[in-house]
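The numbering of the sequence shown is this note's numbering, which starts it at 2 and goes up by one. Each residue gets a CB set at the ideal place from its N, CA and C atoms; glycine is no exception. If you're wondering where the values come from, they're calculated on a predicted model, not measured in any experiment. Reviewing the structure listed below.
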Amino acid sequence: MSDAQPPRQANRTLQARKRIALVAHDGKKSEMLEWATRWQNALSQHELIGTGTTAERLKMALGLGIEALLSGPLGGDQQIGARIAEQRLDILIFFWDPFSPQPHDPDVKALLRLAALWNVPVACNAATADFLFSSPYLNESYEMLIPDANAWAQARTV
């Protein structure tokens, strides 16, 4: 059995209308709201998903349609991770608080690991999110390479 990482040889096309997750720890919710207010028009053109309170606060403040998942500590981070693994999420905006330890830190690490594995663009702060949202790729189709999960699974069974 081989534990080598899967080769990035499978193609994935992100459609022009992206599926974007919005997540913010408690100490970063105000910063997320400020950022989302600046990018409200751009956000309204995409499918939005958020965890618990973050999704509800953004819905109320901006009137955007956002699918609300569970709160992060209750499994919301894992729900987003599952969407990444299933290739049902295109961009992750996750304002995490580096000064506040979270009871669900292992879930946060797993979420960021999945995003890195599946080549999902991630912004962990407003500046990086600004760069992502000012990219011409935001509203265009985008071809990217992802792990060839089938080839990797077959190689592990040999």
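Under the DSSP assignment, residue 13 falls outside any alpha helix (DSSP H), being part of the beta strand (DSSP E) whose first and last residues are 11 to 15. The DSSP-derived three-state label of residue 132 is helix. A check of alpha carbon separations from residue 148 across 83, 127 and 88 identifies 88 as the nearest. By a beta-carbon distance limit of 8 angstroms, residue 141 contacts residue 17. Their separation comes to about 6 angstroms. Per DSSP, residue 57 is not a residue of any beta strand (DSSP E); the alpha helix (DSSP H) it occupies stretches across 53 to 63. Considering only 112, 133 and 53, the residue with the shortest C-alpha distance to residue 19 is 133. The beta-carbon distance between residue 96 and residue 123, rounded to whole angstroms, is 11 angstroms. This is too long to meet the 8 angstroms contact definition.
For residue 146, the uninterrupted beta strand (DSSP E) segment begins and ends at 143 to 147.
Closest option to residue 27, judged by alpha-carbon separation, among 91, 138 and 103: 103. In the structure shown, residue 121 adopts coil according to DSSP, grouped into three states. Shown here, residue 71 sits in coil according to DSSP, grouped into three states, outside any helix or strand. With contacts defined as CB atoms closer than 8 angstroms, residue 72 and residue 53 qualify as a contacting pair.
When the Cα atoms are used, residue 100 and residue 11 turn out to be separated by approximately 38 angstroms. In this chain, the alpha helix (DSSP H) harbouring residue 39 covers 30 to 39.
In the DSSP annotation of this structure, the continuous segment of the alpha helix (DSSP H) that includes residue 84 starts and ends at 77 to 86. Residue 93 sits in a strand when the DSSP states are folded into three classes.
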